[in-house]
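Enquirer:
Protein chains: 2
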Amino acid sequence: MSYTFSRALAGMTGTATRDIFKLLSRPEIISFAGGLPASDCLPVAQVGEITAEIFADKKEALRILQYGTTEGYPGFRELLGPLLKEVGIAGMGLDQLLVVSGGGQGIDLMCKAFLDDGDAVLVEDPTFLGFLETVRAYNGKSIGVRADSDGIDLNDLETKIKQHKPRMLYAIPDFSNPTGKTWPADRRKAVAELAAKYGFMVIEDDPYCRLRFSGTPVPSIKSFDTDGRVVYISSFSKTVSPGLRCAFAAGSSEVIRKLAIGKQGADLHSANLSQAIVKRYLEKQYFYPNIEKSLPIYRLRKTAMIDAIRKYMPSEFKYTNPDGGLFIWGEFDAPVNTVEIFKEAIEKNAAYINGTAFFADCSGSNTLRLNYSNESPERIEAGIKALGEVFKGHIARGG
Amino acid sequence: MSYTFSRALAGMTGTATRDIFKLLSRPEIISFAGGLPASDCLPVAQVGEITAEIFADKKEALRILQYGTTEGYPGFRELLGPLLKEVGIAGMGLDQLLVVSGGGQGIDLMCKAFLDDGDAVLVEDPTFLGFLETVRAYNGKSIGVRADSDGIDLNDLETKIKQHKPRMLYAIPDFSNPTGKTWPADRRKAVAELAAKYGFMVIEDDPYCRLRFSGTPVPSIKSFDTDGRVVYISSFSKTVSPGLRCAFAAGSSEVIRKLAIGKQGADLHSANLSQAIVKRYLEKQYFYPNIEKSLPIYRLRKTAMIDAIRKYMPSEFKYTNPDGGLFIWGEFDAPVNTVEIFKEAIEKNAAYINGTAFFADCSGSNTLRLNYSNESPERIEAGIKALGEVFKGHIARGG
Chain A
1 MSYTFSRALA GMTGTATRDI FKLLSRPEII SFAGGLPASD CLPVAQVGEI TAEIFADKKE
61 ALRILQYGTT EGYPGFRELL GPLLKEVGIA GMGLDQLLVV SGGGQGIDLM CKAFLDDGDA
121 VLVEDPTFLG FLETVRAYNG KSIGVRADSD GIDLNDLETK IKQHKPRMLY AIPDFSNPTG
181 KTWPADRRKA VAELAAKYGF MVIEDDPYCR LRFSGTPVPS IKSFDTDGRV VYISSFSKTV
241 SPGLRCAFAA GSSEVIRKLA IGKQGADLHS ANLSQAIVKR YLEKQYFYPN IEKSLPIYRL
301 RKTAMIDAIR KYMPSEFKYT NPDGGLFIWG EFDAPVNTVE IFKEAIEKNA AYINGTAFFA
361 DCSGSNTLRL NYSNESPERI EAGIKALGEV FKGHIARGG
Chain B
1001 MSYTFSRALA GMTGTATRDI FKLLSRPEII SFAGGLPASD CLPVAQVGEI TAEIFADKKE
1061 ALRILQYGTT EGYPGFRELL GPLLKEVGIA GMGLDQLLVV SGGGQGIDLM CKAFLDDGDA
1121 VLVEDPTFLG FLETVRAYNG KSIGVRADSD GIDLNDLETK IKQHKPRMLY AIPDFSNPTG
1181 KTWPADRRKA VAELAAKYGF MVIEDDPYCR LRFSGTPVPS IKSFDTDGRV VYISSFSKTV
1241 SPGLRCAFAA GSSEVIRKLA IGKQGADLHS ANLSQAIVKR YLEKQYFYPN IEKSLPIYRL
1301 RKTAMIDAIR KYMPSEFKYT NPDGGLFIWG EFDAPVNTVE IFKEAIEKNA AYINGTAFFA
1361 DCSGSNTLRL NYSNESPERI EAGIKALGEV FKGHIARGG
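These protein sequences, in sequence, are chains A and B. Last residue of the first sequence? That's 399 in the numbering used here, and every number before it is there in order. Last residue of the second sequence? That's 1399 in the numbering used here, and every number before it is there in order.
(1) Which whole-angstrom value describes the C-beta separation of F114/A and V123/A, a residue pair presumed to lie in contact below a C-beta threshold of 8 angstroms?
(2) Excluding five sequence neighbours on each side, which residues of the same chain lie with their C-beta closer than 6 angstroms to the C-beta of G1072/B?
(3) Under the rule that 16 or more other beta-carbon atoms within 10 Å means buried, what is M1/A, buried or exposed?
(4) On the CB-based measure, 16 or more other CB atoms within 10 Å of its CB, does N1155/B come out buried or exposed?
(5) Taking DSSP as the reference, what is the three-state secondary structure of G265/A?
(6) In the structure shown, what three-state DSSP assignment does A271/A receive?
(7) Flag this pair as yes or no: are the beta carbons of P173/A and I143/A separated by less than 8 angstroms?
(8) Once DSSP output is grouped into helix, strand and coil, what is the label at R1026/B?
(9) What does the Cβ neighbour count give for Y1288/B, buried or exposed, with the cut at 16 atoms within 10 Å?
(10) Could you name the residues of chain B that L62/A contacts, counting a contact when the two beta carbons are closer than 8 angstroms?
(11) By the three-class DSSP mapping on this structure, what secondary structure does L441/A have?
(12) Just to confirm the assignment, what range does the alpha helix (DSSP H) spanning K59/A have?
(13) Quick check: the Cα distance between S31/A and A351/A, rounded to an integer number of angstroms?
(14) Can you pull out the residues from the segment 237-268 of chain A whose beta carbon lies closer than 7 angstroms to at least one beta carbon of chain B?
(15) With a cut-off of 8 angstroms on the beta carbons, I'd call L129/A and F358/A a contact; round off their distance for me.
(16) When the Cα atoms are used, what is the spatial distance from D1205/B to R1229/B?
(17) Would you say I1297/B and M12/A are within 8 angstroms of each other, going by their C-beta atoms?
(18) Hey, quick one: how far does the beta strand (DSSP E) through E1204/B stretch, first residue to last?
(19) For Q1264/B, count neighbouring Cβ atoms within 10 angstroms of its own Cβ and tell me buried if that reaches 16, exposed if not.
(20) For T1134/B, go through chain A and note every residue whose CB falls closer than 8 angstroms to its CB, in chain order.
(21) Return the residue from the list F55/A, A56/A, I64/A, D150/A that minimises the CA-CA distance to D186/A.
(22) Find the residues of chain A that neighbour M1001/B, judging by a C-beta separation of less than 7 angstroms, and give them in chain order.
(23) Can you give me the Cβ contacts of S1274/B inside the same chain, cut-off strictly under 7 angstroms, excluding the 5 residues immediately before and after it?
(24) Under 8 angstroms between C-beta atoms, does F327/A make it to chain B?
(25) With DSSP collapsed to three states, give me the class of N1155/B.
(26) Relative to the C-alpha of N402/A, which residue among N321/A, D333/A, E389/A is closest?
(27) Among the residues of its own chain, which have a CB less than 7 angstroms from the CB of I89/A, if the five just before and after it don't count?
(28) Can you have a look at G75/A and say buried or exposed, based on whether 16 or more other CB atoms are within 10 angstroms of its CB?
(29) Just verifying my parser: in three-state terms, what is the DSSP assignment at N1354/B?
(30) Measure the Cβ-Cβ separation of A266/A and A1271/B and say whether it is below 8 angstroms.
(31) To the nearest angstrom, how far is the alpha carbon of T134/A from that of S214/A?
(32) Which word fits D361/A, buried or exposed, when buried means at least 16 other C-beta atoms lie within 10 angstroms of its C-beta?
(33) With distances taken between CB atoms, is the gap from G1102/B to S1237/B smaller than 8 angstroms?
(34) Please check if any C-beta of chain A sits within less than 8 angstroms of the C-beta of G1011/B.
(35) At a CB-CB cut-off below 9 angstroms, which residues of chain A make contact with T1051/B?
(36) Give the residues from the segment 1086-1112 of chain B that approach chain A closer than 7 angstroms (Cβ to any Cβ), ordered along the chain.
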């Protein structure tokens, strides 16, 4: 039996993320490959308490078990205002908000709504590999834009805009996946202005902004959007629970309505129970205190990883030192192929993810992403030590 | 601000389903427009008990709140075998099963995996409007195949296959939405054979098979599939709870793997808590007893609607009398435009859904779908009485 798959999916035979999750299931592996929030920070007791309350209220339980509406569980979107205000987005009406089943669904719906075959999409190079795959699934074309230590390079961005006439720009301006970089406010403002000037959409993907353990918050790109060009997507996956698949998109009412139509064909509505849980979690004021409790854990783990990198990794390894989020990005100033060396690392029970999957053109074979959020400081040190030996040995043997 | 949406979504400005849900929120309306399972049958107490058990087990709760795997919550797919055997599908391995966020997601992923621009898809005329919309969203082309009282017409099917060289056929062979018709076994077998002969895929959408209150079960199309051409999709929306968004697809491992890749870009994985609830619901043997308790309610409501139709609807109204599922389909042998009359019906506080949205070519302006599952026999009689007056008056005035 041989199948003729669609052009969109024919070439996709598996993904890096998929392989990551398989690796994570082996307990002996110290994994820096994933992107999981710290399991220690997941609010098991609070969510347990909330579900008990929900099912004690028969009327609410009934509403949860029956079909819901595509836009969101009743009363949930009303609570998103304060979260948006925090990143500089004020006055969003309910018709400008859509609940989605994880930030990834928000991205997918944006591609569904705006991409036709062969359309160009600009991304900061490197960027979230899941986005690059989604663009492929819509037969779009991702074009990488150069970046420096402060994120996207505005000159290269404008050059690429003129050259490729993109339909969209995708950005994670806070603690980017995979680099951990944060864009300063002036670049965000400039991007919003360029979107208005040249008439393209911006997907601002912001799952990590509340995981800031140092430095000062920066307003969102959306906060500078005067033209309805930016759709801001944020998720509760890193602040409450990823397993609930609960996130939201904020944009102009016209775009949000189109995303809702797309969502109706995708999953009709997000799981009501997940939404009802997050709603009560916000109402009961569990949201900020739990983040406050989590931040020292994330800071400790990041610091442990930076310390271990300094101690064990070869001097040819250059790396970012983020103020928040989940990831450190590394690059070798040496002929090191992180794709090939991965197998050797796994044999030493340490996993990273090679950087090529994060580049629009699959370059970056000397790069890697390290996740520090879901391992203890001790295991972080042991894992980086193992990686250091692997890479040092490799460089000593001449690459 | 004007947006250039993708060709796929540009023409979609709202949907019938969307409007249905808005109508349902007005309590004075007796609605036969929706497709909701009976709220009385939703297992509120059992799901409450199950969530309490889940959160009493800290390890399981932690696993639920963390990211899950795309294929499904651990241990859940293992329980689907008996449900599949019931419809004649034996020996499915775990790699042939994928959990999806509602049957609609299964349909969407099949289109994503198999449809390119302009590809033809065959459907029994009339068919589920959500499928027609999904095909549009992939720039595919739905072609209606004639049907008689036993479902799809095999001669017209083979003619249309030769004429349109379809990539897929979509079917709801048990208590079809919208008609309530059930295909006999020989047609199912013939469809599986035609799929193998002409090399197209079959989406067998089977959300209703367990809502059979009379007659004898018929084996699935998939049970006759020797060639890996049929993907069987079933949902817990009508047997446990639609709000959980929990369903599954069964097919060859190669196709299921492709659907999983598509799902990874759609929502990464279905909400863990929803899956864990249905898993325990099956383990605790709540599934069949709750259906047994529900069937008399569905039977009673259907009978109430048939009785009321006989009593109040004009003699020009021809209708199906299903053995299960949620819907009765009606057709006027008279110049009655159900699209135009809808407003008048709503003024009388009774809602149906006009049939045009269920036809591939938007014909059927003399048809309508009636849902009986979520209203009491008393309200069913009152609603059909109101509709009968509206339609009789219309016919008396000469259409």
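Even for Gly, the Cβ is constructed at its ideal location relative to N, Cα and C.
Expert: With the structure as the only source:
(1) Within the first sequence, numbered from 1, the residue matching residue 114/A stands at position 114. Within the first sequence, numbered from 1, the residue matching residue 123/A stands at position 123. Wrong, their Cβ atoms sit about 14 angstroms apart, outside the cutoff.
(2) Position 72 of the second sequence, counted from the first residue, corresponds to residue 1072/B. Excluding residues within five positions, the ones whose Cβ falls inside 6 angstroms are V1099.
(3) As a first step, residue 1/A is located in the first sequence; it is residue number 1 there, counting from the start. M1/A should be labelled exposed.
(4) By one-based count along the second sequence, residue 1155/B stands at place 155. With fewer than 16 Cβ atoms within 10 Å of its Cβ, N1155/B is classed as exposed.
(5) Stepping through the first sequence from its first residue, residue 265/A is reached at position 265. Looking at G265/A - three-state DSSP - the assignment turns out to be helix.
(6) Stepping through the first sequence from its first residue, residue 271/A is reached at position 271. DSSP places A271/A in coil when its eight states are reduced to three.
(7) Within the first sequence, numbered from 1, the residue matching residue 173/A stands at position 173. Within the first sequence, numbered from 1, the residue matching residue 143/A stands at position 143. Going by C-beta atoms, P173/A is not nearer than 8 angstroms to I143/A.
(8) As a position in the second sequence, residue 1026/B is number 26, starting the count at 1. In the structure shown, R1026/B sits in coil (DSSP, three-state: anything other than H, G, I, E or B).
(9) Along the second sequence, one-based indexing puts residue 1288/B at 288. Exposed, because fewer than 16 other Cβ atoms sit within 10 Å of the Cβ of Y1288/B.
(10) Position 62 of the first sequence, counted from the first residue, corresponds to residue 62/A. Near L62/A (Cβ distances below 8 angstroms), the residues of chain B are S1039, L1042, V1044.
(11) Residue 441/A cannot be examined here, being either before or after the span of chain A that is shown, 1 to 399.
(12) Residue mapping note: residue 59/A aligns to position 59 of the first sequence, counting from 1. Looking at the DSSP string, the run of the alpha helix (DSSP H) that includes K59/A is 58-65.
(13) By 1-based counting over the first sequence, the position of residue 31/A is 31. By 1-based counting over the first sequence, the position of residue 351/A is 351. Their backbone Cα atoms lie some 5 angstroms apart in a straight line.
(14) S241, P242, G243, L244, R245, S252, E254, V255, K258, I261, G262, Q264, G265, A266, D267, L268
(15) Indexing the first sequence from 1 puts residue 129/A at position 129. Indexing the first sequence from 1 puts residue 358/A at position 358. Taking the Cβ atoms as the reference, L129/A lies roughly 5 angstroms from F358/A, within the contact range of under 8 angstroms.
(16) Position 205 of the second sequence holds residue 1205/B. Position 229 of the second sequence holds residue 1229/B. Going by the C-alpha atoms only, they are around 14 angstroms apart.
(17) Position 297 of the second sequence, counting from 1, holds the residue named residue 1297/B. Position 12 of the first sequence, counting from 1, holds the residue named residue 12/A. Against a cut-off of 8 angstroms, the Cβ pair of M12/A and I1297/B comes out as no contact.
(18) The residue given as residue 1204/B occupies position 204 in the second sequence. Note, E1204/B: beta strand (DSSP E), 1201-1205.
(19) As a working note, residue 1264/B is residue 264 in the second sequence. Result: buried.
(20) Position 134 of the second sequence, counted from the first residue, corresponds to residue 1134/B. Within chain A, the residues near T1134/B are G265.
(21) Here residue 186/A corresponds to residue number 186 of the first sequence, with the count starting at 1. With distances taken between Cα atoms, D186/A lies closest to D150/A.
(22) Here the question's residue 1001/B lines up with position 1 in the second sequence. Result: D227, G228, S252.
(23) Residue numbering aside, residue 1274/B sits at position 274 when the second sequence is read from its first letter. Excluding residues within five positions, the ones whose Cβ falls inside 7 angstroms are L1244, R1245, C1246.
(24) Within the first sequence, residue 327/A is the residue found at index 327, counting from 1. No, no contact with chain B.
(25) Start at 1 with the first residue of the second sequence, and residue 1155/B comes out as number 155. Helix at N1155/B.
(26) Residue 402/A lies beyond the range of chain A shown here (1 to 399); nothing can be said about it.
(27) Here residue 89/A refers to the residue found at position 89 when the first sequence is read from its first residue. For I89/A, where only same-chain residues beyond five positions count, the Cβ hits under 7 angstroms are S220, K222, S223, Y232, A250.
(28) Taking the first residue of the first sequence as position 1, residue 75/A is located at position 75. Classification of G75/A: exposed, given that the 10 Å Cβ count is below 16.
(29) Start at 1 with the first residue of the second sequence, and residue 1354/B comes out as number 354. Three-state DSSP puts N1354/B in a strand.
(30) Counted from its first residue, the first sequence places residue 266/A at position 266. Counted from its first residue, the second sequence places residue 1271/B at position 271. No, these two residues do not count as a Cβ contact at 8 angstroms.
(31) One-based indexing of the first sequence puts residue 134/A at position 134. One-based indexing of the first sequence puts residue 214/A at position 214. Each residue's Cα considered, the two are about 32 angstroms apart.
(32) For the purposes of this step, residue 361/A is identified with residue 361 of the first sequence, where counting begins at 1. Classification of D361/A: exposed, given that the 10 Å Cβ count is below 16.
(33) To locate residue 1102/B, count along the second sequence from 1; it is residue 102. To locate residue 1237/B, count along the second sequence from 1; it is residue 237. In this structure, S1237/B lies closer than 8 angstroms to G1102/B by Cβ.
(34) Residue mapping note: residue 1011/B aligns to position 11 of the second sequence, counting from 1. By this cut-off, G1011/B is not an interface position.
(35) For the purposes of this step, residue 1051/B is taken as the residue at position 51 of the second sequence. Per Cβ cutoff of 9 angstroms: G48, T51, A52, I54, F55, L273.
(36) S1101, G1102, G1104, Q1105, D1108, K1112
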